[in-house]
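Input: a single structure, listed below in structure tokens.
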Amino acid sequence: MQRVRLMQETAARIFAEKGFEGANLDEIAARLDLNGSSLYHYFSSKHELFLRCVESTAGEVVERLSAIADSEGLATDRLRRLFHDQVLIEIRDYPDFVPLFLKVYAPDPAIRERVLQLRQEHGAVFERVAAEAGRSVGRDRDEIRLLVHLALGSLAYVQDWYTPH
């Protein structure tokens, strides 16, 4: 399992650096010190590798954020923790994977649709807690949704402007 994770991390880094079309399995394999055909034992194509990268990471992230969303406490405190954790996810825990969701263009419509679904699942965790917090101060659901998307949109660029010390 660790071997597949290392392959996904390496692939994510190359996809982020070169884009979907610029990345190729031979280069990914070379960075892993493998023969290019060795990757086909694990992934049938570049498309599958890209999807596995985004799906496995999204699953881990949504599970982690859902645990915060479902925890005890005030909705405002949970929302604050969600955004705090989102920053840690982007900067510390999954920096190579974040661009796959936000910046890398995949020419395949099926991949784009799946990435959009995963982004919506991610956003729904925030929306649910924000709606709960918003009800206590009289905000309507549409306004809450807009505010969450603005906040997440701003965080999408945290890797561009924040450098950890």
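With the numbering used here applied, the sequence shown covers 31 to 195.
Glycine included, every Cβ here is placed at the ideal spot set by N, Cα and C.
Source: prediction; values computed, not measured.
{"Check": "Among the residues of its own chain, which have a CB less than 7 Å from the CB of R82, if the five just before and after it don't count?", "Outcome": "Q38 and F73"}
{"Check": "Apply the 10 Å Cβ neighbour rule to R135 and answer buried if 16 or more other Cβ atoms are within range, or exposed otherwise.", "Outcome": "The identity of residue 135 in the sequence shown is Tyr, whereas the question assumes Arg. Y135 comes out exposed."}
{"Check": "Write down the C-beta distance between L95 and L112 rounded to the nearest angstrom, noting that I regard them as a contact closer than 8 Å.", "Outcome": "6 Å"}
{"Check": "Within the region 137 to 178, note down every full beta strand (DSSP E) run reaching 3 residues or more, in order along the chain.", "Outcome": "none"}
{"Check": "Would Y192 be called buried (16 or more neighbouring beta carbons within 10 Å of its own) or exposed?", "Outcome": "exposed"}
{"Check": "On a CA-only basis, which of K133, I121 and D100 is nearest R158? Give me that one, please.", "Outcome": "D100"}
{"Check": "Would the region 143 to 163 and the region 87 to 94 be scored as touching if the rule is three or more Cβ pairs under 8 Å?", "Outcome": "yes"}
{"Check": "Taking just the CA atoms, how far does V178 sit from Q116?", "Outcome": "12 Å"}
{"Check": "Taking Cβ positions, are P125 and E51 nearer each other than 8 Å?", "Outcome": "no"}
{"Check": "Enumerate in chain order the residues of its own chain whose CB-to-CB distance from D56 is below 7 Å, with the five nearest sequence positions on each side excluded.", "Outcome": "G66"}
{"Check": "Quick one: what's got a C-beta closer than 7 Å to V92's C-beta in the same chain, skipping five residues either side?", "Outcome": "E151, H152 and V155"}
{"Check": "In whole angstroms, what is the alpha-carbon distance linking E47 and R61?", "Outcome": "13 Å"}
{"Check": "Run the CB neighbour count on E120, radius 10 Å, all protein chains shown included, and call it buried at 16 or more, exposed below.", "Outcome": "buried"}
{"Check": "Among H77, V84, A41 and L132, which residue has its Cα nearest to the Cα of D63?", "Outcome": "A41"}
{"Check": "Whole angstroms are fine: how far does the CA of L182 sit from the CA of G168?", "Outcome": "22 Å"}
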